Amino acid sequence: MPSAIPRKTTPDELRELKAEYLIPCVYHFYQNPPHIVAAEGCFLIDHTGRRYLDCYSGVTVMNAGHCNAAITEPAIEQIRTLQHTTTIYLTEPMLRLAKTLAEITPGRLKRSFFCVSGSEAVEGALLLASLHTKRDSIIAMNDSLHGRTRFAMSATGLDMWRTDPFPLDGIHHIPFGDADAVREAFRSHGDRIGALIAEPIQGNGGIRIPDTDYWPAVQRLCQENGALLIFDEVQTGFNRTGRWFACEHWNVTPDVLVVSKAMGNGFPIAAFITTDEIATAYTRPGASTFGGNPVASAAARATIEFHKQQNLTQASAQLGEFFLTKLEAVADKFDCLCGARGKGLMAAVDLIDSARQPDPARLGATLEYLKDHGFLCGKTGSQRNTLTFMPPLTIQREQLDELLKMLAAALNATEAAQ
Ligand SMILES: Cc1ncc(COP(=O)(O)O)c(C=O)c1O
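Position in the sequence shown (from 1) plus 3 gives the number in my numbering.
See below:
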């Protein structure tokens, strides 16, 4: 337990501050969101000292657990030594990180450009594709999420996250998981398509996992049509799915890989990574003030080292199998659950009503019950009815068992309340 819990501001005071000083788009899941003041391992701790098992990891950021000293100590050391300069000088942490990323990413992916957020890295990957192919259009997926900047938001397929009333032209959205749709998009617009961008497993779209032959077929179509394949692994990267990167499940290495979130285990860092050949297209000056920041880079290197030392690849794969079998067993017992699915510790199940239609209200009630009993889980899917589990990869089997017991209790309680 951390020694110093900060001053006990009440949640009501915070809600007032939020209502008055934040842009209203910043929303929360719960009617009474907990006021989180500290964290430790797989737990978040609120202002009363109450502990919650974190089964969402701040949207798959804290894969190596909260306040992990193996990561925070090297970062603190780096803050004391050199906190920030700029990429116009030489600094070691960023360059060592780039080499480490080249070692753990598949195939010939090797050259990185560092920035701060997933959105920014998606923008950079799309810019690189335009520079390399000299084409102005892209293919993107329905129900995808790529970020909040203009191009990334325009590429996003999920209606909920497409806030911009004037999205960019030249983006062709197609159904996810359907190779014929990709073929058709290339047939209609092929000579203008510079890239196809997709999450290998859709995260916010509801943990959607395509068939085994889908990504190899898509890659072939991209190659035949001279377009780059960009994988957005902002959610799926860094062992979330039981592999360093989800694309490894299909044995498909993209031309450009976008990473962020769990790379820094809570320190803001992102990158797009490509091959020697494709990188040659991007020679005009490019700079990101905080990209490759020494502290974030040191934290990311320590994060990767921790993943290796603790073999979190194997932990994620084995715990994921254990969890999915048990989640399927719970789903068999409740008519309101269907479609339990997962890869590694990225798992989900849908909430449906008696007519087998999506039931977002029941999911909301289930999430509230779980929160009130000490478990924080996620909500995804285009219908917002997908209960989503992405705990730290350091979680224990007993904790996953407790979560599923509480899920059964939550479903019984929400059924009785209906
Ligand atoms: C798959 C994916 N790509 C991109 C982003 C955008 O990342 P950021 O919020 O760091 O800009 C997100 C955010 O959740 C994401 O899930």
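Even glycine gets a Cβ: it sits at the ideal position worked out from N, Cα and C.
Just so it is clear, the structure is predicted and the values come from calculations on it, not from any experiment.
Pick helix, strand or coil for residue i, following the three-state DSSP scheme.
i: His-310; result: helix
i: Glu-202; result: coil
i: Pro-55; result: Checking the displayed sequence, the identity of residue 55 turns out to be Tyr instead of Pro. Strand.
i: His-176; result: strand
i: Leu-315; result: helix
i: Met-393; result: coil
i: Ala-7; result: Bear in mind that a pLDDT of 49 at Ala-7, under 50, signals an unreliable position, so the number given afterwards is only what the model happens to contain. Correct three-state label for Ala-7: coil.
i: Ala-332; result: helix
i: Arg-138; result: coil
i: Cys-225; result: helix
i: Lys-408; result: helix
i: Pro-219; result: helix
i: Cys-28; result: coil
Residue i and residue j: beta carbons closer than 8 Å?
i: Ser-140; j: Ile-200; result: no
i: Asn-261; j: Val-237; result: One point to set straight first is that residue 261 is Val, not Asn, in the sequence displayed. Cβ atoms of Val-261 and Val-237: closer than 8 Å.
i: Met-156; j: Pro-170; result: yes
i: Met-97; j: Phe-116; result: no
i: Gly-429; j: Leu-56; result: Absent from the structure is residue 429, since the part of the chain shown begins at 4 and ends at 421.
i: Ala-184; j: Ile-177; result: yes
i: Arg-304; j: Leu-85; result: no
i: Leu-161; j: Ser-147; result: yes
i: Pro-77; j: Ala-302; result: yes
With 16 as the cutoff for other CB atoms within 10 Å, does residue i come out buried or exposed?
i: Ser-60; result: buried
i: Glu-23; result: exposed
i: Asp-214; result: exposed
i: Ala-288; result: Strictly speaking, residue 288 in this sequence is Pro, with Ala absent from that position. It is exposed - the Cβ of Pro-288 has fewer than 16 other Cβ atoms within 10 Å.
i: Val-298; result: buried
i: Cys-3; result: Here the chain comprises residues numbered 4 to 421, so residue 3 is not present and cannot be evaluated.
i: Thr-12; result: exposed
i: Gln-226; result: exposed
i: Ala-273; result: buried
i: Met-144; result: buried
i: Asp-338; result: exposed
i: Asp-15; result: exposed
Grab the span of the alpha helix (DSSP H) containing residue i for me, first residue to last.
i: Glu-80; result: 72 to 84
i: Lys-102; result: 95 to 107
Just curious, the beta strand (DSSP E) that residue i is in, first and last residue?
i: Lys-382; result: 381 to 383
i: Val-119; result: Premise fails: Val-119 is in no beta strand (DSSP E) and is neither H nor E.
i: Phe-46; result: 46 to 49
- Near ligand 2, which residues have their beta-carbon closer than 6 Å to a heavy atom? The model depicted lacks ligand 2 and carries ligand 1 instead.
- Task: Tell me, please, whether the stretch 90 to 102 touches the stretch 214 to 231 by the rule of three or more beta-carbon pairs shorter than 8 Å.
- Result: no
- Message: Count Cβ pairs between the stretch 111 to 123 and the stretch 321 to 335 that sit closer than 8 Å; are there 3 or more?
- Response: no
- Decide if the stretch 389 to 409 is in contact with the stretch 36 to 51; the criterion is three or more beta carbon pairs, one per stretch, under 8 Å apart. yes
- Query: Is the stretch 274 to 288 touching the stretch 238 to 245 in the sense that three or more CB pairs, one from each, lie closer than 8 Å?
  - Reply: no
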